[in-house]
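Those sequence lines, one after another, are chains D and P.
Residue numbers are given in the working numbering: position 157 of the first sequence equals residue 478, and the series is strictly consecutive.
Residue numbers are given in the working numbering: position 224 of the second sequence equals residue 221, and the series is strictly consecutive.
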Amino acid sequence: MPDTLHPDPDQLATWLQATSRGDAAAFRALYDAISPKLFGYALRILGKRELAEEALQDGFVAIWNGAAGYQRHLAAPMTWMTTIVRNKSLDLLRRCAHDLDIDGPVFDAEIMAALQDPRATPIDALLISHDAKALALCMSLLEGAHRQVVGLAFFHDLSHSEVAQQMAIPIGTVKTWIRRSLERLKTCLVKGERA
Amino acid sequence: MNIRDNPQLCDKLAAEYVLGTLRGGARRRFERYLRDDVVLQRLTAEWQERLMPMAEFTGAQTPRAQVWRAIERRLGLGQAQKRVQQRAHAAWQFWRTESLTFWRSLSLVSLAAALLMVGVLRSTLVEAPQVDLVATLIDDKARTALLLTADSERRVFTARLVENAPVAADKSLQLWAVPKEGAPRSLGVIPPEGAIELPLTGSAIGDDIATLAVSLEPRGGSPGAGGPTGPILYKGNWVRML
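Now the structure itself:
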């Protein structure tokens, strides 16, 4: 079955390579294939459509300009491009932080609830890739509060102390939870690969 | 503190760097290490592979059509043909298209080779010149081919072929300084005997130099005024000796 929602990494890498040679058609194909996912992500970080669109633009301009430097042995194409759009989104978030009123806790509750039992339904409804499903499964095995700490840090670019403030827990606890959660995710993902 | 001796700490820092909780001075220090530490680069890449899929938890949303149009406008993709032409740099602008990693590895190789060569020179020459700038130009297999040693006090430098690379009788090797912008500047033609002393001018050591290169030219040097006409055989960069 052709997987239009999750383009094959080899296909993405081929388009990226053509992009690095200035092939505008390949770049367009790349954009069509992955912009919805990246836009959905930018929108969650920034909360406002206009800003998320700006981040997506900045991201794709950087992808075009940086395609020649992309190194397949270091990162999967999707990881590389997601990291670029994430950084552009976070840049904008920092620049506009005072104007934004991001509804962090509500958003987290929504996603994090979906993660509590990814086999139930919501994760499938999100139409995510194999990698994301594996990660979702591993995150569902974390304690709820730990999962929320990790999610707050990742999606809202919160520091240890900001997470502590948001959740009204001591900063030492936040640090411990994050460290343990990352260790558990690492172990869990390794097991998933072997399974 | 040297984090590199502590693999567990490296892994923890890489994880928190990707998650975003590594902040301030610690983040800047980490990024500094990351620039040339392949182990840290790998650990960071692994954490990106692990954590970036979280981005998909948010679900996909199709952006409005105007976003693509704006990207096209910013990159001038409407004039696709022009773009392709712009990207097709002249052959001697090889350094524009090669990856950063290549240049990093090149500079490391060059530095190691330069240090070695200077050691050899200093120990073998009776009247050692006050060499304070060195460049080793290497071939595509990273073998040192040409050694430049400069004495900025006397404002001269010597170019010396390291091994007798055979050059056909009707060909010459020509040395160039390739600037970041504009055409390469010829520094001189290497004579058949393989060594030459040349004046050390701003053309040879300017801050704008992206790389030094040697091209294979018709005997006597490039007939064109605009730069090399033949293939680039060797390249490298100046290293300042302390």
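Glycine is no exception: its CB is placed at the ideal position from the N, C-alpha and C atoms.
This structure is a prediction, so every number in the text was calculated from the model and none was measured.
Rounded to whole angstroms, the gap between the alpha carbons of F381/D and G73/P is 13 Å. In the structure shown, T18/P falls within a coil segment according to DSSP collapsed to helix, strand and coil. In this structure, DSSP gives S219/P a state outside helix and strand, which the three-state scheme calls coil. For P357/D, the nearest CB of chain P lies under 8 Å from its own CB, placing it at the interface with that chain. Close to Q38/P, with beta-carbon spacing below 9 Å, are these residues of chain D in chain order: L395. In the DSSP assignment, E194/P falls within the unbroken beta strand (DSSP E) covering 192 to 196.
For the pair L143/P and R237/P, the CB atoms are not nearer than the 8 Å cut-off. Of all residues in the segment 473 to 501 of chain D, only A474, F475, D478, S480, H481, I499, R500 place a beta-carbon less than 7 Å from a beta-carbon of chain P. Against chain P, a Cβ distance below 7 Å from L506/D picks out R47. For chain P, the residues of the segment 349 to 375 of chain D that bring a beta carbon within less than 7 Å of one of its beta carbons are Y352, S356, P357, K358, F360, G361, Y362, L364, R365, E374, in chain order.
Proximity of chain P to Q338/D at the Cβ level (cut-off 9 Å) is not reached, the minimal Cβ distance being about 12 Å. Close CB contacts of L364/D within its chain, under the 6 Å cut and outside five residues either way in sequence, are with A373 (chain order).
Using a 10 angstroms sphere on the CB of V15/P, the tally of other CB atoms reaches 16 or more, which defines it as buried. Boundaries cannot be given for T59/P, as no alpha helix (DSSP H) includes it and DSSP labels it neither H nor E. Remark: C-beta atoms of G218/P and V175/P do not approach each other more closely than 8 Å. As the crow flies, the alpha-carbon of L414/D is around 20 Å from that of A67/P. A check of alpha carbon separations from A383/D across F348/D, K358/D, V511/D identifies F348/D as the nearest. In the three-state reduction of the DSSP assignment, E504/D falls in the helix class, which pools H, G and I.
Counting along the chain, V35/P sits inside the alpha helix (DSSP H) bounded by residues 35 to 48. The alpha-carbon of P4/P is positioned some 38 Å away from that of Y231/P. The C-alpha of K177/P lies about 5 Å from the C-alpha of A207/P. Taking the C-beta atoms as reference points, T340/D is found no nearer than 8 Å to A52/P.
Around the beta carbon of K358/D, 16 or more other beta carbons sit within 10 angstroms, so the residue counts as buried.
From the beta-carbon of D329/D, no residue of chain P is found nearer than 7 Å; the closest lies around 16 Å away. Comparing alpha carbon positions, the residue from R393/D, A388/D, A346/D closest to D331/D is R393/D.
Chain D has no Cβ within less than 8 Å of the Cβ of F154/P. Bounds of any alpha helix (DSSP H) do not take in R342/D, whose DSSP letter is neither H nor E. For G465/D, the enclosing alpha helix (DSSP H) has its first and last residue at 465 to 477. P215/P sits close to K168/P, with the two beta carbons spaced by under 8 Å. Within the same chain, and ignoring the five residues on either side of S502/D in sequence, the residues whose Cβ sits closer than 8 Å to its Cβ are L463, H467, R468, V470, V471. Rounded to the nearest whole angstrom, the CA to CA distance from R24/P to T18/P is 9 Å.
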